[in-house]
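Start counting the sequence shown at 747; every next residue gets the next number (our numbering). Built from N, CA and C at the ideal position, the CB exists for glycine as well. Small disclaimer: the values here were computed from a predicted structure and weren't measured. Here the structure comes first, spelled out in structure tokens, and everything after it is commentary.
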Amino acid sequence: MLDDDKKRLIEAEERYRRDVAKKLDSDLAATAKDAKNLGKDLWAKVSDVLNSNFGIWFLSSVFISGGAAVYQITQHHYEAKLETQRQLATCEFEIANRLNAMKFLLARAKTIGEAQYALTPVTKSLGAVSAEYDNANIAVLYFKIYQLTGLKDMTIGNYVRQLEEGNLAIQRQNPKNLLSEEDRKDMLAIIDILHRYAVNEINSQKKL
């Protein structure tokens with residue numbers, strides 16, 4: 747059995763715990779209310795600033811400057827894309843133009859000298875589509891296309907190499923000698939493959 751003193755001590759401890767719990771609950775409620783009121787006050791002040799002349803000017807400046815930056819970036823990207831397409835089309839038309847000229851002249855060549863002239867477009871243009879490629883080797887034009895597109899066709903690259911090697915072999919021969927039918931057919935076969943590929947690439951670009 748508990749004596750009266752112990753009972754009073756236990757009762758006093760229980761009252762103390764209840765008082766502490768009430769105090770904590772009261773403080774937490776007050777803190778939550780203060781935080782809520784602070785949020786309302788802060789948003790009210792922000793709204794007041796945004797609705798003021800300064801706020802309207804600030805928002806306008808942000809949107810206008812941001813919109814201008816987006817427009818400039820978009821415009822730059824669009825112009826760069828157009829320039830790439832222009833350069834690509836120029837290269838492709840220059841290649842097709844050269845191959846067409848070689849095909850036409852070589853088919854009619856009788857002598858090595860005529861064949862040498864017919865193959866002139868391997869190293870320079872007989873009538874460039876653009877002056878910037880007037881004296882460019884045909885292999886340089888193919889490399890330019892690779893730079894612009896990032897795409898490299900190894901099969902076509904091999905045919906370009908064969909065209910250059912065939913041209914070098916003919917250039918070393920006596921211009922007065924007759925052109926053999928075998929050499930003509932071999933060179934025309936290579937030129938025809940490259941020409942058909944060039945035309946297909948041009949038509950593909952038109953569909954984009």
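Pairing K870 with N920, the inter-Cα distance amounts to about 21 Å. K890 counts as buried, since no fewer than 16 other beta carbons sit within 10 angstroms of its beta carbon. The residue from T901, L914, L865 with its alpha-carbon nearest to that of L852 is L865. Within its own chain, the residues whose Cβ lies closer than 8 Å to the Cβ of D880, once the five positions on either side in sequence are excluded, are K870, S871, A874, listed in chain order.
Below 8 Å, too few C-beta pairs join the segment 897-905 and the segment 824-831 to call them touching: fewer than three.
Residue environment: E838 is assigned as buried (16 or more neighbouring CB atoms within 10 Å of its CB, all protein chains considered). Listed in chain order, the alpha helix (DSSP H) elements of length 4 or more contained wholly in the segment 881-934 are 884-895, 900-917. As far as DSSP is concerned, T869 takes part in no beta bridge. For the pair N913 and E878, the Cα-to-Cα distance works out to about 23 Å.
The alpha-carbon separation between E928 and K856 amounts to approximately 12 Å.
Nearest to M933 by C-alpha distance, out of Y892, Q862, Y888, is Q862.
Counting the other CB atoms within 10 Å of its CB gives R844 a total of 16 or more, which places it among the buried residues. In the DSSP annotation of this structure, the continuous segment of the alpha helix (DSSP H) that includes Y863 starts and ends at 858-864. Around the CB of L887, 16 or more other CB atoms lie within 10 Å, so the residue is classed as buried.
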